[in-house]
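Novice: In UniProt numbering, the protein residues as written are 1 to 342.
Think of the CB as a built atom: it goes at the ideal place given N, C-alpha and C, for glycine as much as any other residue.
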């Protein structure tokens with residue numbers, strides 16, 4: 001929580017640099033900076049020592065300072081930039097499956113930059129697990145699970161505050177309906193986050209998105225004309241770089257037509273917790289752990305073994321061959337037996 005002591009001895013210029021949204025507060029309160037940008041805030045507000053000025057504004061210096069700190073704190077909370085409120089880990093405590101049987105694990109802690117895969121048949125309960133995490137379940141959902149945030153009982157803000165959305169979901173189908181270019185779409189999102197260097201962020205997102213997409217696209221491309229793979233690439237890059245949600249759920253990324261490994265590297269590089277529902281053995285073994293869902297409950301939690309990581313090398317080699325074949329077929333080339341390589 002920002003206090004009056006934190007801000008009153010800083011210059012207005014320093015405060016504007018530290019809190020890019022603060023000029024909005026000054027404008028709303030008709031505070032004209034003019035040539036006083038380099039003055040300390042407490043000195044700038046000396047005009048409120050005048051009783052007539054206080055009467056005209058219906059607020060005194062102490063009240064204004066308190067209002068300003070509240071505004072800063074609320075904006076930081078909305079933007080998810082309060083370090084004390086950051087999510088460093090979540091912990092899943094066991095509940096029950098559809099038959100009321102206890103889940104057979106002690107607890108599962110997932111930290112930033114970890115990838116946890118969720119595997120199991122369709123309809124087995126993968127979405128219910130996500131729902132418990134998103135709701136920060138406190139033994140009050142059908143599974144009776146409990147979710148801890150930073151090893152503590154989840155604060156109610158994770159349930160009710162739009163500024164503290166715990167989970168961002170990337171579904172299989174990405175359909176845009178807005179008549180915007182890629183640039184306009186990214187600009188709107190960046191501005192809503194009060195990003196200072198909007199152009200720099202947009203450039204970074206389009207660069208990362210084009211590393212993932214099978215076919216590159218431009219900032220001038222209408223988002224409604226993007227292919228399914230391009231849409232997913234754009235949203236993964238946008239989520240990794242601009243989203244404040246600490247947990248990302250990706251549903252069946254293997255069907256997205258993008259570079260899956262690069263997508264995961266990007267997300268964990270931005271210190272996200274990645275939960276990935278997948279049927280792809282290569283992706284399942286890329287995770288640090290995998291949660292096996294059965295009959296609506298967590299059947300087991302498996303830590304990826306050294307032997308599995310060695311097998312992953314072979315799977316990646318085979319996948320590279322398949323990806324190469326796909327590219328060549330798209331380009332109209334003829335595939336021969338010797339092209340396979342094994």
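Pull up the distance between the alpha-carbon of residue 28 and that of residue 66, whole angstroms please.
Specialist: Roughly 15 angstroms separates the two Cα atoms.
Novice: Out of curiosity, what's the CA-to-CA distance linking residue 261 and residue 120?
Specialist: If you take the alpha carbons of residue 261 and residue 120, they lie about 21 angstroms apart.
Novice: So, with DSSP's three-state summary, where would you put residue 244?
Specialist: In this structure, residue 244 counts as coil in the three-state DSSP scheme.
Novice: Give me, in chain order, the residues of the same chain whose beta-carbon lies closer than 8 angstroms to that of residue 220; leave out the 5 immediate sequence neighbours on both sides.
Specialist: Counting only Cβ-Cβ distances below 8 angstroms, and skipping sequence neighbours, we find 181, 182, 183.
Novice: Rounded to whole angstroms, how far is the Cβ of residue 387 from the Cβ of residue 273, which I believe are closer than 8 angstroms?
Specialist: The requested residue 387 does not occur in the structure, where the chain is confined to residues 1 to 342.
Novice: Can you tell which of 224, 187, 196 has the C-alpha that lies nearest to the C-alpha of residue 206?
Specialist: Cα-wise, what sits closest to residue 206 is 187.
Novice: Counting only the same chain and skipping the five closest in sequence on each side, list residues whose C-beta sits under 7 angstroms from that of residue 12.
Specialist: Cβ within range, chain order: 33, 36, 37, 39, 41, 44.
Novice: Could you check the C-alpha separation between residue 110 and residue 148 for me, to the nearest Å?
Specialist: For residue 110 and residue 148, the distance between alpha carbons rounds to 10 angstroms.
Novice: Does the beta-carbon distance from residue 315 to residue 282 come in below 9 angstroms?
Specialist: For residue 315 and residue 282, yes; Cβs fall inside 9 angstroms.
Novice: Tell me whether residue 216 sits in a helix, a strand or coil according to DSSP, three-state version.
Specialist: It is coil, neither helix nor strand.
Novice: Does DSSP put residue 297 in a helix, a strand or coil?
Specialist: Three-state result, residue 297: strand.
Novice: Helix, strand or coil: which one does DSSP assign to residue 62?
Specialist: Residue 62 falls in the helix class under three-state DSSP.
Novice: Give the single residue among 278, 268, 327, 245 whose Cα lies nearest to the Cα of residue 87.
Specialist: The candidate whose alpha carbon is nearest that of residue 87 is 245.
Novice: Return the CA-CA distance between residue 58 and residue 193, expressed in angstroms with no decimal places.
Specialist: Going by the C-alpha atoms only, they are around 32 angstroms apart.
Novice: According to DSSP, which residues form a beta bridge with residue 290?
Specialist: Residue 290 is bridged to 117, 302.
Novice: Just confirm the distance between the C-beta atoms of residue 21 and residue 68, as a whole number of angstroms; I'd bet it's less than 8 angstroms.
Specialist: So it is not a contact: roughly 12 angstroms between Cβ atoms.
Novice: Does DSSP put residue 137 in a helix, a strand or coil?
Specialist: Reduced to three states, the DSSP call for residue 137 is coil.
Novice: If you reduce the DSSP assignment to three classes, tell me which class residue 327 lands in.
Specialist: Looking at residue 327 - three-state DSSP - the assignment turns out to be helix.
Novice: Report the option in 30, 128, 17, 8 whose CA atom is closest to the CA atom of residue 293.
Specialist: Here the closest residue by C-alpha is 128.
Novice: Enumerate in chain order the residues of its own chain whose CB-to-CB distance from residue 284 is below 8 angstroms, with the five nearest sequence positions on each side excluded.
Specialist: Only 117, 119, 278, 290 meet the Cβ criterion.
Novice: Alpha helix (DSSP H) containing residue 54: first to last residue?
Specialist: Start and end: 51 to 57.
Novice: Alpha carbons only, please: which of 330, 339, 300, 321 is nearest the one belonging to residue 92?
Specialist: Residue 92 has its Cα closest to that of 300, out of 330, 339, 300, 321.
Novice: Please name the residue in 137, 140, 232 whose C-alpha comes closest to that of residue 208.
Specialist: The candidate whose alpha carbon is nearest that of residue 208 is 232.
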